[in-house]
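*Asks:* Attaching a single structure in structure tokens format; questions to follow.
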Amino acid sequence: MFALVVSFGAYAQEASEQAEVSQKGVVPGAAEGAAQAASTGGLPVDDAAIVEAGDALFKNNCAVCHSAGSDVIVGPGLQGVNQRRSQEWLHSWIRNSQALIQSGDADAIAVYNEYNKQAMPSFNFTDAEITSILTYIEASASAAAVPATVGSDVAQAPGEGVGSDAIGAVGGYLDIVLVVLILVLIVLVVTLLLITSVLKNYLNTNRKLNEYDNEVVNQRFDFSKIYKSKAVRTLVVLIFVVVLLDLTWDTAMGIGIQEGYQPKQPIAFSHKLHAGEHQIDCNYCHTTVYKSKSASIPSANICMNCHSQIKKESPEIQKIYKAIERGQPIEWVRIHNLPDLSYFNHSQHTQVGGIECQTCHGPIQEMDVVYQYSPLTMGWCIDCHRETPLNTEGNGYYDKLVELHESSSKGAFTVSSNGGTECSKCHY
Ligand code: HEC
Ligand code: HEC
Ligand code: HEC
Ligand code: HEC
Ligand code: HEC
Ligand code: HEC
Numbered sequence: 001m002f003a004l005v006v007s008f009g010a011y012a013q014e015a016s017e018q019a020e021v022s023q024k025g026v027v028p029g030a031a032e033g034a035a036q037a038a039s040t041g042g043l044p045v046d047d048a049a050i051v052e053a054g055d056a057l058f059k060n061n062c063a064v065c066h067s068a069g070s071d072v073i074v075g076p077g078l079q080g081v082n083q084r085r086s087q088e089w090l091h092s093w094i095r096n097s098q099a100l101i102q103s104g105d106a107d108a109i110a111v112y113n114e115y116n117k118q119a120m121p122s123f124n125f126t127d128a129e130i131t132s133i134l135t136y137i138e139a140s141a142s143a144a145a146v147p148a149t150v151g152s153d154v155a156q157a158p159g160e161g162v163g164s165d166a167i168g169a170v171g172g173y174l175d176i177v178l179v180v181l182i183l184v185l186i187v188l189v190v191t192l193l194l195i196t197s198v199l200k201n202y203l204n205t206n207r208k209l210n211e212y213d214n215e216v217v218n219q220r221f222d223f224s225k226i227y228k229s230k231a232v233r234t235l236v237v238l239i240f241v242v243v244l245l246d247l248t249w250d251t252a253m254g255i256g257i258q259e260g261y262q263p264k265q266p267i268a269f270s271h272k273l274h275a276g277e278h279q280i281d282c283n284y285c286h287t288t289v290y291k292s293k294s295a296s297i298p299s300a301n302i303c304m305n306c307h308s309q310i311k312k313e314s315p316e317i318q319k320i321y322k323a324i325e326r327g328q329p330i331e332w333v334r335i336h337n338l339p340d341l342s343y344f345n346h347s348q349h350t351q352v353g354g355i356e357c358q359t360c361h362g363p364i365q366e367m368d369v370v371y372q373y374s375p376l377t378m379g380w381c382i383d384c385h386r387e388t389p390l391n392t393e394g395n396g397y398y399d400k401l402v403e404l405h406e407s408s409s410k411g412a413f414t415v416s417s418n419g420g421t422e423c424s425k426c427h428y
């Protein structure tokens, strides 16, 4: 339970910084906002920053159970909720719906009963945050009428997919070319066989052959001759040796490399469902990925934020309950694992470097079962460090270094020009 509060708390804090900034921007506009009050419940729907902050909060905290339209997911669709309820009511409901129900509020009791008395979780949000969520709900109701503005951020989500699609397309072409080539070969062989048999017939019927010619024309195909031929034997041995060498070479070079490694996990947890369809932020579960070296694997408590309500009866979810009852963590099988001699830090890459998870982990949001997408070899790390320019913008730490680099060199200021290929950076 403590983890539950902490994780929502951490989320709320990040987003509140965003929301507070935009909230300040809104005060001067309050007067004109009043004109819209009748239709929008007095919410600042024109302030893009507030709507955006609300959007993020909604997606991370509410979208698993609510749509901003009229569809029922777990709870009711929230379209029109600002007209249905007062702002004051909504704020107390979102902070603690159970308290509102217990206070005897008729609307609260009615909606609670209507949805089979499923308790909605409490959210420790500030007023500004709740306002931003409600504003987002209001704005998406009006945006639904102007489809051009809807879903622009949804479209970005699978962005990294492009590269792999292109590779897939090339692979597809190669397959087709190969099949065509094989077909052409078969046709050639058949034609050749036909031609020989026609020729043979012609010679046998229309020419008087001497004994020697007759033998040659009508000779049987003798496999043992091929088998006994020295040239053929040497060739076969040679091919065999080359294949063997190639295999041992690959295995030797591949020791410790587990690209594509996809173990079976103890619970059928799907990233495609959670991170893809339900758009739960990676950071919601991998809570330390922007802050520390390790990304962390979520504890069962994080699952319970939602699964204390959702799909309780599913046998897969029951496994989470059992793990908690036993007081033991779920034993996920580790997929990515660098040897101890190397040092890799997530926050350096995600927070400072601004690199997307998908660049290294592939299209996780499309994987039912996670597999290792990149080779994680030293060569892989170094290639990227050679090619990738540093994300220096707005990072005061780099100002002096950029100046220094520009005065001494013409090339891009890459990770490696900042020492990112020095052995000691990655080896203890
Ligand atoms: C785990 C599921 C769940 C999550 C997460 C959730 N809700 Fe709910 N919500 C419900 C359910 C279920 C109801 C219906 C009332 C009940 O059973 O308590 C509800 C009701 C509501 C209502 C009342 C609707 C009405 O018509 O009166 C509002 C408003 C609301 N939720 C807002 C939110 C907001 C905002 C968030 C995110 C900060 C959120 N909810 C997150 C499950 C959830
Ligand atoms: C609802 C929680 C949740 C969300 C959201 C989530 N993950 Fe995960 N992730 C897990 C769990 C649980 C595991 C361990 C089980 C597994 O490997 O499937 C995991 C495993 C992983 C692994 C493999 C770890 C290993 O063992 O090496 C990677 C990589 C990963 N997640 C990346 C992501 C990325 C990228 C996103 C966002 C697009 C994301 N996750 C969103 C819960 C989540
Ligand atoms: C933010 C909310 C949220 C969190 C956190 C979350 N889930 Fe889910 N999970 C869902 C939703 C929504 C579904 C889809 C339910 C449906 O299909 O009706 C789901 C479905 C599932 C299913 C499929 C159940 C079935 O039988 O269809 C499994 C298994 C599952 N989750 C495991 C986990 C595990 C393990 C964790 C913790 C690492 C976790 N979930 C965390 C929201 C969440
Ligand atoms: C620059 C490449 C890179 C990026 C970007 C990256 N990862 Fe990783 N990730 C790795 C490597 C390498 C490992 C293996 C680390 C190890 O074994 O010490 C790893 C391991 C993990 C693990 C397993 C647990 C752990 O910390 O070892 C999870 C979960 C994970 N990453 C999630 C994420 C998420 C979520 C993001 C985006 C927010 C992300 N990663 C971005 C390279 C990356
Ligand atoms: C997709 C590109 C990419 C890959 C792959 C990648 N890195 Fe990086 N790495 C970066 C970038 C960009 C930075 C610079 C971040 C910053 O400080 O601005 C960086 C910085 C670092 C630093 C700090 C360097 C310094 O000068 O302080 C270390 C250490 C590091 N990476 C280790 C690794 C290791 C180990 C791997 C492989 C397991 C790896 N990286 C894979 C892009 C990558
Ligand atoms: C950007 C990070 C990075 C830098 C810079 C780097 N390495 Fe590595 N190195 C790794 C990683 C990650 C591994 C483990 C992956 C593997 O075994 O391929 C590794 C593995 C090794 C290994 C063990 C190979 C094996 O097969 O077990 C040696 C030895 C090594 N590095 C030496 C060096 C030397 C010497 C330098 C400097 C010239 C250097 N490394 C620079 C990341 C780095």
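With full-length UniProt numbering, letter number 108 in the sequence shown gets 108, and the count goes up by one each step, no holes.
Glycine residues also receive a C-beta, built at the ideal position from the N, C-alpha and C atoms.
Being a predicted model, the structure only gives us computed values, none of them experimental.
1) Classify Gly419 as helix, strand or coil using the three-state DSSP reduction.
2) Return the bridge partner residues of Thr414 from the DSSP annotation.
3) Since Ile137 and Asn82 are thought to touch, with beta carbons under 8 Å apart, how far apart are those beta carbons, to the nearest angstrom?
4) Less than 7 Å between the CB of Val64 and some heavy atom of ligand 3, yes or no?
5) Let me make sure I understand the geometry here. Which of Ile324, Cys381, Val216, Ala268 has the alpha-carbon closest to that of Ser308?
6) Give the residues whose C-beta lies closer than 6 Å to at least one heavy atom of ligand 3, in chain order.
7) Taking C-beta to C-beta, are Gly260 and Glu366 nearer than 8 Å?
8) Where Phe413 and Cys65 are concerned, what is the direct C-alpha to C-alpha distance, given to the nearest angstrom?
9) May I have the straight-line CA-CA distance separating Asn391 from Gly411, to the nearest angstrom?
10) Apply the 10 Å Cβ neighbour rule to Ser86 and answer buried if 16 or more other Cβ atoms are within range, or exposed otherwise.
11) Could you check how far apart the C-beta atoms of Val289 and Thr350 are, in whole angstroms? I think they sit under 8 Å.
12) Do the stretch 60-74 and the stretch 270-284 meet, that is, are 3 or more Cβ pairs less than 8 Å apart?
13) Could you check how far apart the C-beta atoms of Val369 and Gln258 are, in whole angstroms? I think they sit under 8 Å.
14) CB Ala139 to CB Val45, shorter than 8 Å?
15) Given a threshold of 16 other Cβ atoms within 10 Å of its Cβ, counted over all protein chains shown, does Leu183 qualify as buried or as exposed?
16) Taking all protein chains shown into account, do 16 or more other C-beta atoms lie within 10 angstroms of the C-beta of Gly362, making it buried, or fewer, making it exposed?
17) Beta carbon of His385: closer than 7 Å to some heavy atom of ligand 4?
18) Nearest-angstrom Cα distance between Val241 and Val180?
19) Answer yes if the stretch 111-124 comes into contact with the stretch 92-101, meaning at least three C-beta pairs across the two stretches below 8 Å, and no otherwise.
20) Taking all protein chains shown into account, do 16 or more other C-beta atoms lie within 10 angstroms of the C-beta of Tyr227, making it buried, or fewer, making it exposed?
21) Could you check if Lys425 belongs to the surroundings of ligand 6, using beta carbon to heavy atom distance under 7 Å?
22) To which residues of the same chain is Ile133 closer than 6 Å at the C-beta, ignoring the five residues directly before and after it?
23) Nearest-angstrom Cα distance between Thr196 and Lys230?
24) Using alpha carbons as the reference points, say which of Asp127, Ala48, Glu211 lies closest to Ala143.
*Replies:* So, from the data block:
1) coil
2) Pro389
3) 7 Å
4) yes
5) Ile324
6) Val64, Ile267, Ala268, Phe269, Leu273, His274, His278, Ile280, Cys285, Pro298, Ile302, Cys303, Asn305, Cys306, His307, Ile310, Lys311, Ser314, Glu316, Ile317, Ile320
7) no
8) 45 Å
9) 15 Å
10) exposed
11) 6 Å
12) yes
13) Not really, about 15 Å apart at Cβ, beyond 8 Å.
14) yes
15) exposed
16) buried
17) no
18) 30 Å
19) yes
20) exposed
21) yes
22) Gly54, Leu57, Phe58
23) 27 Å
24) Ala48
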